[in-house]
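Student: The structure that follows is given in the form of structure tokens.
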Amino acid sequence: MSSGRLDRPDSKMRPYLPRTRRTLATRKSPSKRLPSKAPAKRVRKRAAVRDGEAPEPVDDGLAAMREAAMGCKRCPLWKPATQTVFGEGPDDARVLVIGEQPGDAEDLSGHPFVGPAGKLFDRALAELGLDRARFYVTNAVKHFKYEVRGKVRLHRSPNGSERAACRIWLERELAAVKPDVIVCLGAIAARSVLGSKFRLMAERGRWQALADGTRVLATVHPSFVLRQRGDEERHAAYAQFVADLSLLKRARGRT
């Protein structure tokens with residue numbers, strides 16, 4: 052099984068020059084005395100980030116990663132997107148969930164899995180008695196890729212170069228959280244962890260293992276369920292989705 056497992060900006064102090072004491076002989080009039088100025092505040096400046104680059108986190112913590120990712124320009128997706136949508140959840144979560152990319156609702160809110168697909172995912176977890184608040188939830192790509200049709204922004208799948216550009220952030224998240232279990236929602240998420248030859252529909256709902264022993268469970272993205280046209284097809288797809296996720300209840304390191 053192949054494993055996909057994956058400056059500090061200068062802070063300058065503007066010198067504060069205290070006002071020199073002036074003698075009575077040099078003062079024109081007490082009424083024209085200029086007010087003293089407060090000391091200049093310490094200002095933290097971040098170096099400009101050029102296209103194709105990303106700021107370096109100031110440390111290995113998730114908060115620093117999130118702050119740095121907000122200025123990421125490693126691929127062109129930052130230009131049309133509203134903002135970077137970084138992962139959220141406990142930094143010691145035993146389960147880390149990976150989706151494909153933010154959707155329209157996520158792009159506007161800045162939070163992962165809050166749109167229709169996220170709500171369906173929450174519903175499935177609730178039916179299984181699993182608490183999403185205990186999971187770290189992120190995406191393989193942190194910016195929303197879309198095309199505009201009329202007044203609607205429609206999802207477009209990120210290409211290989213866009214996924215590769217964003218991989219550094221996923222690797223850093225995995226290294227920081229160190230989960231016992233990784234859940235991959237969709238083919239792009241699964242291949243980002245299990246390699247490009249992984250076949251989602253043939254191997255979904257089965258435990259995989261990385262070289263370091265981390266267990267990986269891959270299933271469809273919840274948007275796959277929502278795309279089913281008929282009620283019967285949608286019901287069947289949802290039932291299988293829940294069945295796949297039910298393996299988490301028996302995972303090592305209880306969720």
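Anchor point for the sequence shown: position 159 equals 210 in the working numbering, and the numbering is continuous, going up by one each time. Heads up, the beta-carbon is just placed ideally off N, CA and C, and yes, glycines get one too.
Are the beta-carbon atoms belonging to Q134 and D158 less than 8 Å from one another?
Tutor: In the sequence shown, the residue the question calls residue 134 occupies position 83. In the sequence shown, the residue the question calls residue 158 occupies position 107. In this structure, D158 lies closer than 8 Å to Q134 by Cβ.
Student: Could you tell me the distance, in whole angstroms, from the CA atom of G237 to the CA atom of V199?
Tutor: Numbered from its first residue, the sequence shown carries residue 237 at position 186. Numbered from its first residue, the sequence shown carries residue 199 at position 148. So the alpha carbons of these two residues sit roughly 23 Å apart.
Student: Classify N190 as buried or exposed, calling it buried when 16 or more other Cβ atoms lie within 10 Å of its own Cβ.
Tutor: If you number the sequence shown from 1, residue 190 lands on position 139. Classification of N190: buried, given that the 10 Å Cβ count is 16 or more.
Student: Entirely within the region 246-304 and at least 3 residues each: give me those beta strand (DSSP E) ranges in chain order.
Tutor: Within the region 246-304, the complete beta strand (DSSP E) runs of at least 3 residues are 258-260, 266-270.
Student: Under a CB-based cut-off of 8 Å, is F164 close to chain B?
Tutor: Annotation note: the requested chain B is absent from the structure, which comprises a single protein chain.
Student: Would you call D295 buried or exposed, if buried means 16 or more other Cβ atoms sit within 10 Å of its Cβ?
Tutor: In the sequence shown, the residue the question calls residue 295 occupies position 244. The residue is buried, with at least 16 neighbouring Cβ atoms inside 10 Å.
Student: Taking the beta strand (DSSP E) that F186 falls in, what are its first and last residues?
Tutor: Position 135 of the sequence shown, counted from the first residue, corresponds to residue 186. From DSSP, the beta strand (DSSP E) with F186 extends over 186-190.
Student: Pop quiz: P163 and G138 are said to be a contact at Cβ under 8 Å. What is the actual Cβ separation, rounded to whole angstroms?
Tutor: Looking up residue 163 in the sequence shown gives position 112. Looking up residue 138 in the sequence shown gives position 87. Confirmed, Cβ separation roughly 6 Å.
Student: Can you check which of these residues, R125, S243, G256, is closest to A290 by C-alpha distance?
Tutor: Stepping through the sequence shown from its first residue, residue 290 is reached at position 239. Comparing Cα positions, the closest option is G256.
Student: Would you kindly work out how many angstroms separate the C-alpha atoms of H272 and V244, rounded to a whole number?
Tutor: Taking the sequence shown and counting its residues from 1, the one referred to as residue 272 is at position 221. Taking the sequence shown and counting its residues from 1, the one referred to as residue 244 is at position 193. Near 15 Å, if we compare the C-alpha coordinates of V244 and H272.
Student: Would A227 and R266 qualify as a contact pair, given that the criterion is a beta-carbon distance under 8 Å?
Tutor: Here residue 227 refers to the residue found at position 176 when the sequence shown is read from its first residue. Here residue 266 refers to the residue found at position 215 when the sequence shown is read from its first residue. Not a contact, by the Cβ cut-off of 8 Å.
Student: Determine the closest residue to M252 out of I239, T270, G180, G112, with distance taken between C-alpha atoms.
Tutor: Start at 1 with the first residue of the sequence shown, and residue 252 comes out as number 201. The residue with the shortest Cα to Cα distance from M252 is T270.
Student: Decide if L205 is buried, meaning its Cβ has at least 16 other Cβ atoms within 10 Å, or exposed.
Tutor: On the sequence shown, position 154 is the one that residue 205 refers to. Its Cβ having fewer than 16 others within 10 Å, L205 is exposed.
Student: Which residues does DSSP pair with L147 in a beta bridge?
Tutor: Position 96 of the sequence shown holds residue 147. In DSSP, L147 forms a bridge with Y187, I233.
Student: Taking the beta carbon of A287 as the centre, do at least 16 other beta carbons fall within 10 Å, making it buried, or is it exposed?
Tutor: For the purposes of this step, residue 287 is identified with residue 236 of the sequence shown, where counting begins at 1. By the neighbour-count rule (16 or more Cβ atoms within 10 Å), A287 is not buried but exposed.
Student: Among residues of its own chain, excluding the 5 on either side of F172, which ones have a beta-carbon nearer than 7 Å to its beta-carbon?
Tutor: As a position in the sequence shown, residue 172 is number 121, starting the count at 1. The answer, listed in chain order, is F164, P273.
Student: For R214, which residues in the same chain have their Cβ closer than 7 Å to its Cβ, ignoring the five residues on either side in sequence?
Tutor: The sequence position of residue 214 within the sequence shown is 163, counting from 1. Cβ neighbours of R214 beyond the five flanking positions: A191, V192, I239, S243.
Student: When you compare only the Cα positions, how much space is there between E118 and D282?
Tutor: Here residue 118 corresponds to residue number 67 of the sequence shown, with the count starting at 1. Here residue 282 corresponds to residue number 231 of the sequence shown, with the count starting at 1. When rounded, the distance between both Cα atoms is 42 Å.
Student: Pull up the distance between the alpha-carbon of A144 and that of R285, whole angstroms please.
Tutor: One-based indexing of the sequence shown puts residue 144 at position 93. One-based indexing of the sequence shown puts residue 285 at position 234. One C-alpha to the other measures close to 31 Å.
Student: Mind checking whether F324 and A184 have CB atoms under 8 Å apart?
Tutor: Any property of residue 324 remains undetermined from this structure, which presents the chain solely from 52 to 306.
Student: Cutting at 7 Å between CB atoms, please list the residues of its own chain near A276, excluding the five before and the five after it.
Tutor: Working through the sequence shown from its first residue, we reach residue 276 at position 225. Checking the displayed sequence, the identity of residue 276 turns out to be Val instead of Ala. Cβ neighbours of V276 beyond the five flanking positions: L171, R285, A288, Y289, F292.
Student: Rounded to a whole number of angstroms, what is the C-alpha to C-alpha distance between A216 and P167?
Tutor: One-based indexing of the sequence shown puts residue 216 at position 165. One-based indexing of the sequence shown puts residue 167 at position 116. Going from the Cα of A216 to the Cα of P167 covers about 27 Å.
Student: Can you check DSSP and say which residues form a bridge with V203?
Tutor: The count along the sequence shown starts at 1 and reaches residue 203 at position 152. Answer is R200.
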